[in-house]
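As numbered in numbering that gives the first Met the number 0, residues 0 to 270 make up the sequence shown, in order.
Built from N, CA and C at the ideal position, the CB exists for glycine as well.
In this text the structure is predicted, and so the values were computed from the model without any measurement.
Heads up: the structure comes next, in structure tokens.
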Amino acid sequence: MTTTELLLDAPDPHRPATDSYRLTLAYSAEDVDAARRLRFDVFSTEFGALTPGPDGLDADEFDDLCDHLIVWHTSTDRPDHREAVATYRLLPPHANDASPLAAGLYSSAEFDLSPLEPLLGSAVEAGRSCVRADHRSGTAVSLLWGGIARYMHLSGYRYLMGCGSVSLADGGGAAAAFDDLVQRKHLAPDHLRCAPRRTFDPVGIERPARPAIPPLLKGYLRLGAVVCGSPALDVEFGTADFLVLLDLETADQRYLRFFAGERPPAGQSSR
């Protein structure tokens, strides 16, 4: 866990107040373990992924380098007890002392990141995002995005990057359909494309009539992120992983301000 000192859990004056959810950075080893247990429950128990770490924890060598965003939930019948229901970990460049910088990123195991090397001194790598099944209605995801937006604003870094996953449990149809969308509208320019080390091949896979985009990837695209080439196949997690890059200088500033907690312009919807 890094020592980044950022206040991310201040009340948001532009969204309805709630006593049941709160977003914080992990402040202790116990907080990080709560995030690791949640990741294990979602990745391994729910989706059957082969996760690293001891039984009951999804843990790897990057955890100690990262800042961990956690959404906590307190139920009305147990007001003295809180549970981690959503999490996302962020690796800031000041915590990466690898040379080249790409070698110190989690996503380098899935992609050749050398085309992005000139940007990595100003890039935060995001990963290990998950939300507990009974809290996927929107509030937890919105709080995560708000935390990411404030983290980027307060830390001063320009780029946000990471792998967005699409489950292959349906045979790959949703991932193939998302790749079609990327190829049509959201592909990064040639000089930012990173080759996957193991490619997910969408050729010949039947696409669903109405494919769903995972909320995390939908948020990235809404902000104006690009996808840096073809997806990687993650056998252990059973997913197709898309390398996403968001430049805050060219991002949709209206949505960025909204995620950061500012009210949308008059007469404009936040959706």
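- Linking T73 to D189 through their CA atoms gives a straight-line distance of about 46 angstroms.
- L215 and L232 have their C-alpha atoms spaced approximately 18 angstroms apart.
- Unbroken beta strand (DSSP E) stretches of 3 residues or longer found wholly inside the region 55–89: 66–73, given in chain order.
- Non-local C-beta neighbours of G120 in its own chain, meaning closer than 6 angstroms and more than five positions away in sequence, comprise P92, ordered along the chain.
- Counting along the chain, S166 sits inside the beta strand (DSSP E) bounded by residues 158–166.
- The beta carbon of E235 sits closer than 7 angstroms to the beta carbons of A48, L49 from its chain, once the five residues preceding and following it are set aside; these are given in chain order.
- Contact between the region 237–251 and the region 167–174 is established, with three or more Cβ pairs separated by less than 8 angstroms.
- Y87 sits buried, since 16 or more C-beta atoms from the chains shown fall within 10 Å of its C-beta.
- Counting every other CB atom within 10 Å of its CB across the protein chains shown gives G155 a total below 16, marking it as exposed.
- For R192 against G228, the beta-carbon gap comes to about 4 angstroms, under 8 angstroms, which counts as contact.
- Beta-bridge annotation (DSSP): P195 is paired with F110.
- Residue environment: E109 is assigned as buried (16 or more neighbouring CB atoms within 10 Å of its CB, all protein chains considered).
- In terms of Cβ geometry, H67 and D30 form a close pair [threshold 8 angstroms].
- With a contact defined as Cβ atoms closer than 8 angstroms, G146 and L22 qualify at about 5 angstroms.
- A direct Cα-to-Cα measurement between D179 and P207 gives close to 12 angstroms.
- The DSSP-derived three-state label of L118 is helix.
- Collapsing the DSSP output to three states places R183 in a helix.
- Counting every other CB atom within 10 Å of its CB across the protein chains shown gives A102 a total below 16, marking it as exposed.
- Annotated three-state conformation of A139 is helix, per DSSP.
- Contact annotation, L89 with V123: C-beta distance approximately 5 angstroms; criterion of less than 8 angstroms satisfied.
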